[in-house]
Amino acid sequence: MSRAPTLKAKASILFPMPLPEPFDYAVPEGMELRVGDHVRAPLGKRSARGVVWALSSDDGSRNLKSVESVYDAPPLSEAMIEFVNWSARYLVQWPGIVLRMVLRSEDALLPSPTEIQFDVAGDLPARMTEARSRVIEAVTEYGPNSAAELARLAGVTPGVVSGLAKAGGLTRLERPADPPFDAPDPDGPGVKLVPQQAEAADQLKRMINAGGFQAALLDGVTGSGKTEVYFEAIAHALRQDPEAQILVLLPEIALTRAVTARFIQRFGAEPALWHSDQGHRERRRIWREVNENRARIVIGARSALFLPFQNLRFIVVDEEHDATYKQGDGLHYQARDLAVVRARASKAPIVLASATPSIESLANARAGRYAYIQLPDRIGKAVLPEITTIDLREPENRPASGMWLSAPLVEAMAETLARKEQVLLYLNRRGYAPLVLCRDCGHKMKSPDVDAYLTEHRYTGRLVCHLTGFSMPRPDKCPECGAIDSLASVGPGVERVAEEAKARFPDAKIEILSSDTAHSAEKLLALIDRMERGEIDILVGTQIAAKGHNFLNLTLIGVVDADLGLAGGDPRAGERTYQTLVQVAGRAGRADRPGRALLQTHDPEHDAIAALVAGDRDRFMETETMAREVLGLPPYGRLAAIILSARDPSQADTVARDWARQAPNADGIQIWGPAEPRYGMVRGWHRRRLLIRADRDVDLSAWLWAWKKTMKPVSSVRVTIDIEPYSFV
């Protein structure tokens, strides 16, 4: 009688690479593994880091390579593995590509490195110089720190710090380079909520008490106190479970920095901040602390969704309507939608907050899939700003040639400045001018590897492509015909508007707020501080100026071009324009001084603008919703895009036609294209697009998977699949 083969353990390991599935490995005798463990295993001729995706028995029929080692770190949670698998299927991506979003630097799996820090000793040396005294003051104010950091804070050389330590004035400490985050205090001093806020907070608390997954839409006008409402919910979640982890998603670094101070004031501890401006060391620290379940509150941009939470108990998506939640390169995803999936996988409640909710979220709330919590009024004496249009079709309202501010707007600015109040001029266009052309031959300055015009930046003297980052000095002659001084700037950007404002109000303090002038979190925070302190009279800003700021002395908003977002074939253009204008106008009159917003427009009858002036959001949303429903567009249908890119335009055409011919037959699906998008070439790659619309009950992701698997990959052609695209350029 033959004996049954001895069964050994087998681990299926997923690597953070574009691979279709996990690979199987033998588990060495004596090695204990759990699903979710971080391991190293041979892959080809090298060793690679991966995650144990499944464990099973191995009958020995295959000659499997063995797992090399396992990290002494907590495994990825079951909820995270479920989230990665679901996201990969939905986004039509290999799961390893999604896992790559989760796994950050490998050293985050190791214990924190240590560094030498210095603290004040019991007795100071007899010889104390002015430089040494400044070091002592720095330690007293900022706490123990490294020699280099203390030297920077004190304005001395590191040798002064070392000398003071040798003289006995400082004590040498060995501490973690990545210190833990302080625990938040849920019972810290909060703002007394008005009745409508208290009722909204109670609804969120009931969701938390119920346990499990639930979603709510917190729909509140600008200035209604949505942040304080979800603060109360966060405090309640922490009281219920002191080990709970909280995730707050914000669409911009600007909001991340602005909200941090409010978190510190409310909870007595700084939250973990996760965004692209953080350095490697801080990101390593946050990833480790989240994975070790020691970071209680994380505030972050969209990629914070992929942090390895172990006990995620509550999620907030603030400004949930914001288009920047959509990742437009690399892994294409909509963070708001995936946040709901993340909450469901973690069996946690989630709240989506906005003054101008997306049509998708409103539809879910009205259908009963989300709880619907409303805050219709501003807090205290603040009232919503008066909004009026300036019809630029009227001769008396047309700015003079080469000017962009109308007479009524200039007059309103003068009145506002005379009252020592602040003005915000809004134009969502960076730089000085969006187009530079030759007056002699008509040549338009374009990016060499993109079918897009170069934007002039007068402050730097350069022409810049905002798609690729290409820049060049502004030439003094036309590169086409050689004419000297023939290049003309066409149209306004924020720099040009600021130039005109300075000419009209030479005594006013004017600054520009855009990603060019506030390209780091520190610069942005400093500019916001100057605005809050009243050191700026006129702020000229792009969309970054419209989000979440609370400038109490800002009473006038001037929208230079309210029509700017309405052009093009974007089905969300009207909704986005309305949302942006509401957010911009909402910056005015946030204290006890009334605010107003003036919108310069050539189309005051447009649904978005007319609804804004009338204060009738419901009418506008109803019109937009009906149009979407008739056309079968989201949320009443599904959209996807397939972008095929090649260096050779004829190859791009050929492959795109092949894809179109081999699309699977299915009811309820329409395919448009292939066609050349607005920017037919980007970074030297020629692009062709197929746009797919599906009925709501069609599993579009499954259909796209079936299509993708029938297509033979072409190494010289890039294929990008975008579920629910937001960009149509």
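Residue numbering for the sequence shown follows my numbering, beginning at 29 and increasing consecutively.
Quick reminder that beta carbons are idealized off the backbone N, C-alpha and C, glycines included.
All figures in this text were calculated on a predicted structure; none of them were measured in a lab.
For Leu609, the uninterrupted alpha helix (DSSP H) run begins and ends at 601 to 613, by DSSP. For Val345, same chain residues with a beta-carbon under 6 Å away, outside a window of 5 residues either side, are Leu277, Arg364, Ala367, Leu380 in chain order.
Ranked by Cα distance from Pro139, the first of Pro48, Asn319, Arg711, Thr250 is Asn319. Between Thr608 and Gly623 the beta-carbon gap is near 17 Å, outside 8 Å, which marks them as no contact. The alpha-carbon of Val287 is positioned some 11 Å away from that of Leu553. By a beta-carbon distance limit of 8 Å, Lys537 contacts Ile564. Their separation comes to about 5 Å. Residue pairing by DSSP leaves Gly72 without any beta bridge partner. Excluding the 5 residues flanking it on each side, Ala332 has same chain C-beta neighbours closer than 7 Å at Leu275, Leu277, Trp302, Val326, in chain order. Residue pairing by DSSP places Gly78 opposite Val67 in a beta bridge. If you draw a straight line from the Cα of Gly497 to the Cα of Ile720, it is about 30 Å long. Comparing C-alpha distances from Gly171 to each of Val184, Thr199, Thr157 shows the shortest one belongs to Thr199. Contact between Asp479 and Gly328 is ruled out by a C-beta separation of about 34 Å, above the 8 Å threshold. Here the alpha carbons of Gly396 and Ser389 stand approximately 11 Å from one another.
Counting along the chain, Val112 sits inside the alpha helix (DSSP H) bounded by residues 106 to 119. Taking each of Pro662, Val438, Arg656, Ala205 in turn and checking the Cα distance to Arg532, the smallest one comes out for Val438. Cβ contact annotation for Val518 (same chain, cutoff 8 Å, sequence separation greater than five): Ala461, Pro462, Leu463, Val464, Leu465, in chain order. By the criterion of at least three beta-carbon pairs nearer than 8 Å, the region 711 to 729 is in contact with the region 658 to 670. Gln611 places its beta carbon less than 8 Å from that of Thr250. Taking the Cα of Asn693 as reference, the smallest distance to any Cα among Gly712, Ala734, Pro662 is reached at Ala734. For Pro50, the secondary structure class from DSSP, reduced to helix, strand or coil, is coil. Of the residues Ala211, Arg313, Asp646, the one whose Cα lies closest to the Cα of Ala205 is Arg313.
Pairing Thr185 with Ala176, the inter-Cα distance amounts to about 8 Å.
Straight-line spacing of the CA atoms in Ser475 and Ser115 works out to 35 Å. About 5 Å separates the CB atoms of Arg132 and Trp315; that is less than 8 Å, so the two are in contact. The criterion of a C-beta distance shorter than 8 Å is satisfied by Leu452 and Ala573.
In this structure, Pro702 keeps its C-beta atom at 8 Å or more from the C-beta atom of Arg689.
Sequence-distant partners of Arg160 (beyond 5 residues in either direction) whose C-beta falls short of 7 Å from its own C-beta, in its chain, are Val188, Leu192, Gly197. For Ser304, the secondary structure class from DSSP, reduced to helix, strand or coil, is coil. Per DSSP, the unbroken beta strand (DSSP E) holding Glu484 starts and ends at 483 to 485.
Approximately 55 Å separates the beta-carbon atoms of Gly150 and Met45; this is outside 8 Å, ruling out the contact. Annotated as distal: Ala590 and Thr651, with beta-carbon spacing of 8 Å or more. One thing to note: Asp247 has its Cβ no nearer than 8 Å to the Cβ of Tyr53. A Cβ-Cβ distance of about 44 Å is found for the pair Phe241 and Lys73, leaving them out of contact under the 8 Å criterion. Nearest to Asp676 by alpha-carbon distance, out of Ile697, His634, Val742, is Val742. Under the DSSP definition of a beta bridge, Ile720 partners with Ala668, Ile699.
Between Asp646 and His634, the alpha-carbon positions lie close to 15 Å from each other.
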